[in-house]
Each structure stands twice: as structure tokens, then as C-alpha cells.
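Residue numbers (the numbering used here): 216 to 584. All remarks here apply to the structure that follows.
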């Protein structure tokens, strides 16, 4: 059980880093010197570069069996680039360079972190526990650390927290050392793999759009004040914590991963049907359902890749999962804005977003189940 806990602690540090640096402190700082559209373009290009490197490093690690070594390297690099932000605070463009390198190293670190699931017993519990602890980390960060920490010193403390939460995984978890010759073209032509990625993408698009737009939706549709919005999002985090544990335990009891994953389509279809129809008094329970649904996706997504295909190709295939997650943010928000533009209705736009899990479910039943 301890190794599963050690695995999950990395998720805690990773979400603290994401919530405070990627989502809060640095964007607020750098957009004083750069236009938002320029900053957004640089982020998009950086994530594209990150995928290219992930594919290359993933292929290299699969061929040489060096996944744990890659995890150690990029975890140290992530801590270092975050620490550098403290010393470069008075130089916006050097800070930006360090931040973009932080994004790249963090993406690689997280990819190789997921490969640590392979040697673990009870992978479902480990994955679900990681999701739960991740929600705890992000919630505590936003509730308390944003008030206590201020840049530039904040970056040093966050780098230290990330490293300390990563340390148990670095010191105690084993890496999978299997190796094989990787043929990227063969993986790209794997219809089952591409279909599974599409199904995961159909849910991730909804999830990422929900994360980005839920606060706006609650204010525009229900007129919620900030305090009630935070309360709703807080209850969503509670749903995520409980959901991570629930889905992890369920995965250990039900060995059919696809059967568990299928439940996610029904969860999101239920949520996207109820949300536009619900009175304000029912929003808090829906917030819990949102977190519960998110935890299902984060718990099972990596499990499907780790356990569903040839183990020796795990890093390379996880790099494609990382790409699908990046695409989901862009495509989901594009569809949401398009629906909103044509309907001029927040409620109807939410309902139409249900087309994504519906199409995903139809493809899943036809091609995978």
C-alpha cells in the first residue's frame, strides 16, 4: 500500500505546481509584459514542441528500457526551472524562457511518471489515489497557498514542495525495464489504439471545457457571486477526491477496464443533460457529480493505455495520450464558443456539448466493446 501512496504523492505535488504556477502566478505576471494572444500562441507552440519531444523521448526510453531514468531527469529539471523563476523575476523574457522550459520538462516528467504504474500491484488503487490526492493538492493550493505565497519567493517554495512530493516516487518506485524496437508508423496505424484515443478525447474535451468555463457559466446563467462559485467548485473537488478512491477500488474488483470506462460516457451525458435543466438549488449536487466524473476520466485514462497495449511500448503510446489531452483543451473550447455563438444560449450550448460523449459512446460500442 505504501508504494501506491508514494505514487499518489507525486500527483499532489504536480497539481500544486499546476494550480499555482501554470494557472495563477505566472500568467498574471507575464501578461503585464506580453499581450494575451502572444502568450497564448507561445503556449500552443510550446505544447506542440513538448509532444514532439515526448514522442522522441518515449521512443528512446521504450527501446532502451530507461523510463525511470527519464522520470528522474525531468522531475529534477521541472524543479530547477520552477526555482529559476524566483531569480529571473525582474527579467520578464528570461522568466518566460524558463517558464516554457518548465512546461516542457513537466510534461515529460508526468508522462514517465505514468509509466511507473506498470510494476505496481493494484494499479487501479494507485491511479485513483493519485487523482484523489491531486484534488487535495489543488484545493489546498487555491484555498490557502495563493494567500500565503507571493512571487518571486513563491516559485522557490513551490519548486521545493513539488520536489518533496516527488521524492518518494524517485527513491522507492521501480521502473519498467522492458524494451522493444518502436515503429511509430505501426502505432499510428493501430486502429484499436486510435479509436480508444478518440473515445478518451470525446470525454476530455468536455472535461477541459468544464474546468475552463464552469465559473463563467454559473455567473452568467444563475448570477452566482464569487463565494457561491467557489463553494460549487469546492464541492466538485470533494467529488473528485471521493471519486478517485471509488474508481480505483472498482478497477481492482472489475477487471474489464473497458466496461468501467464506458460508465464515463453515461456520467457525462447525465451531467450535460441535467445542468441546463437544473434550478440553482440543484447546482451543488451537480458540482459533486462533475468532480466524480472528472476523477473517472483521470483514473481510467492512463490505466487504459498502460494495461491495454504492449507494455514495452508504454512511453510512446502515453505520449499520444498527452497529445490528445492538449488537443482536447483547444477543440472543446472551440466547440463551446461555436455553440454559444450560434445559439446565444449558455444552457443550450451545454446541452449541445453532450454530442461529444454521445458520439464517443457510439464509436466505443461499435469499435471497442
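Glycine included, C-beta positions come from ideal geometry on N, C-alpha and C. Note that the coordinates shown come from a computational prediction; the quantities given were computed from them, not determined experimentally.
Residue of the options minimising C-alpha distance to residue i
i: residue 444; options: 434, 258, 452; result: 434
i: residue 576; options: 424, 478, 554; result: 478
i: residue 388; options: 225, 553, 416, 323; result: 225
i: residue 414; options: 543, 236, 251; result: 543
i: residue 474; options: 268, 515, 551; result: 515
i: residue 300; options: 290, 259, 370; result: 370
i: residue 532; options: 341, 269, 258; result: 269
i: residue 339; options: 484, 502, 488, 461; result: 461
i: residue 424; options: 307, 447, 378, 564; result: 564
i: residue 303; options: 352, 476, 578, 368; result: 368
i: residue 394; options: 246, 357, 275, 439; result: 275
i: residue 372; options: 536, 295, 409; result: 295
i: residue 336; options: 219, 505, 504; result: 219
i: residue 551; options: 487, 221, 358, 506; result: 487
i: residue 517; options: 426, 553, 232, 534; result: 534
i: residue 381; options: 480, 227, 464; result: 227
i: residue 539; options: 272, 234, 410, 358; result: 410
i: residue 430; options: 511, 345, 505; result: 505
i: residue 263; options: 537, 480, 456, 572; result: 537
i: residue 267; options: 385, 320, 558; result: 320
Inter-residue Cα distance where the pair is residue i and residue j
i: residue 281; j: residue 328; result: 12 Å
i: residue 288; j: residue 322; result: 12 Å
i: residue 495; j: residue 562; result: 13 Å
i: residue 284; j: residue 560; result: 50 Å
i: residue 326; j: residue 454; result: 25 Å
i: residue 497; j: residue 458; result: 20 Å
i: residue 261; j: residue 438; result: 36 Å
i: residue 182; j: residue 513; result: Outside the shown range of the chain, which is 216 to 584, sits residue 182, and nothing can be said about it.
i: residue 256; j: residue 469; result: 43 Å
i: residue 466; j: residue 511; result: 10 Å
Chain C within 9 Å of residue i, Cβ atoms only
i: residue 538; result: Chain labels in this structure do not include chain C; a single protein chain is all it has.
Start and end residues, alpha helix (DSSP H) containing residue i
i: residue 171; result: Since the first and last residues shown for the chain are 216 and 584, residue 171 lies out of range.
i: residue 472; result: 472-489
i: residue 544; result: 529-558
i: residue 381; result: 368-387
i: residue 434; result: 406-437
i: residue 332; result: Residue 332 -> no alpha helix (DSSP H), and no H or E assigned at all.
i: residue 239; result: Careful: residue 239 lies outside any alpha helix (DSSP H) and carries neither H nor E.
i: residue 394; result: That residue, residue 394, is in no alpha helix (DSSP H); it is neither H nor E in DSSP.
i: residue 572; result: 570-582
i: residue 452; result: 441-468
i: residue 506; result: 498-523
Cβ pair count under 8 Å reaching 3, the stretch 516-532 against the stretch 275-292: Contact holds: three or more Cβ-Cβ distances are below 8 Å.
Segment contact, 8 Å Cβ cut-off, at least three pairs: the stretch 516-523 with the stretch 331-351: In short, these stretches touch, since the Cβ pair count reaches three.
Sufficient close CB pairs (3 or more, under 8 Å) joining the stretch 373-392 to the stretch 244-252: In this structure the stretch 373-392 does not touch the stretch 244-252; the number of beta carbon pairs closer than 8 Å is below three.
Cβ pair count under 8 Å reaching 3, the stretch 444-459 against the stretch 485-493: Short answer: they don't touch.
Cβ pair count under 8 Å reaching 3, the stretch 228-245 against the stretch 391-398: Output reads no: the stretch 391-398 does not touch the stretch 228-245.
Segment contact flag, the stretch 340-349 with the stretch 307-316, C-beta cutoff 8 Å, min 3 pairs: Taking 8 Å as the limit for Cβ pairs, the verdict is that the stretch 307-316 does not touch the stretch 340-349.
Cβ contact check for the stretch 416-432 and the stretch 311-318: 3 or more pairs under 8 Å: At 8 Å Cβ cutoff, the stretches do not touch.
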